[in-house]
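Read the structure below first, then the notes.
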Amino acid sequence: MFPVKALAALCAVSLAVPAAADPLESFGTAMKYGLPLAAAVCAQKQHRLEDFAVRGLIQTALVWGMKEYFDGQPISRRPSGEGKGFPSGHTAAASFGAADLAGKCFDDQPAAGLAAYGAAGLTGFSRISAGEHTPAQVFSGALIGISFGAANFGIGTDGASFSVGMKF
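FYI, in mature numbering (1 follows the signal peptide of the UniProt record, and there is no 0) the residues of the sequence shown are -21 to -1, 1 to 147.
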């Protein structure tokens, strides 16, 4: 099992930011990297790193492709007026890590899974609060991240399979 203390440490590290930085935005950026990294460590310990990496790469490519495809469309316009806002990449990455942790690493620790999803939710909120994304852009990123984080392609095992399961 992946220790709950590791998730708490990730959250604590994300709050150690320069005084000039917005703590909520810094937390969101830290969780964009921290939650998938924690999930990758767990995946390595559970001998499922190949499957995790493929799902993560596909999720990242999908988000990037959607940003490129929808650039210039109203749905992709950020609150600042800039483009490439659809979907939120920060939220997708954090939600991917949270869903993998909650469903595969914290399967017998619902409070830890809730904490992971809460950190991903705060990541999305931080993007809205910072004026980087609209709620629809954040929701779309979360949906993509959770979908790929909860999936299991069965890569690296005897016989490939596909399943999706979510635990809270």
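Note that beta-carbon positions come from the ideal geometry of N, C-alpha and C, so glycine has one too.
Annotation: the continuous alpha helix (DSSP H) that includes I107 extends over 89 to 108.
Between the alpha carbons of A71 and N131 lies a distance of about 17 Å. Taking 9 Å as the cut-off, the beta carbon of P66 is found closer than this to the beta carbon of M45. Less than 9 Å separates the beta-carbon of M10 from that of L101.
The stretch 18 to 26 and the stretch 44 to 64 do not touch, with fewer than three beta-carbon pairs separated by less than 8 Å. In this structure, V33 and I134 form a Cβ contact; the two beta carbons are roughly 5 Å apart against a cut-off of 8 Å.
For C21, the enclosing alpha helix (DSSP H) stretches over residues 2 to 24. The shortest C-alpha to C-alpha distance from A(-1) to any of A129, S126, F127, A109 is the one to A109.
Distance from the CA atom of S74 to the CA atom of Q38, rounded to whole angstroms, is 11 Å.
Beyond the five residues adjoining it in sequence on each side, A77 comes within less than 7 Å, by CB distance, of L14, A95, Y96, A98, A99, G128 in the same chain, given in chain order. Secondary structure note for F127: its alpha helix (DSSP H) is the uninterrupted segment 114 to 129.
In the three-state reduction of the DSSP assignment, E61 falls in the coil class. Counting other Cβ atoms within 10 Å of its Cβ, L80 reaches 16 or more and is therefore classed as buried. By the CB criterion at 9 Å, H69 and G103 fall inside the cutoff. The Cβ neighbour count for Q88, taken over all protein chains shown within 10 Å, is at least 16; the residue is labelled buried.
A direct Cα-to-Cα measurement between A18 and F118 gives close to 21 Å.
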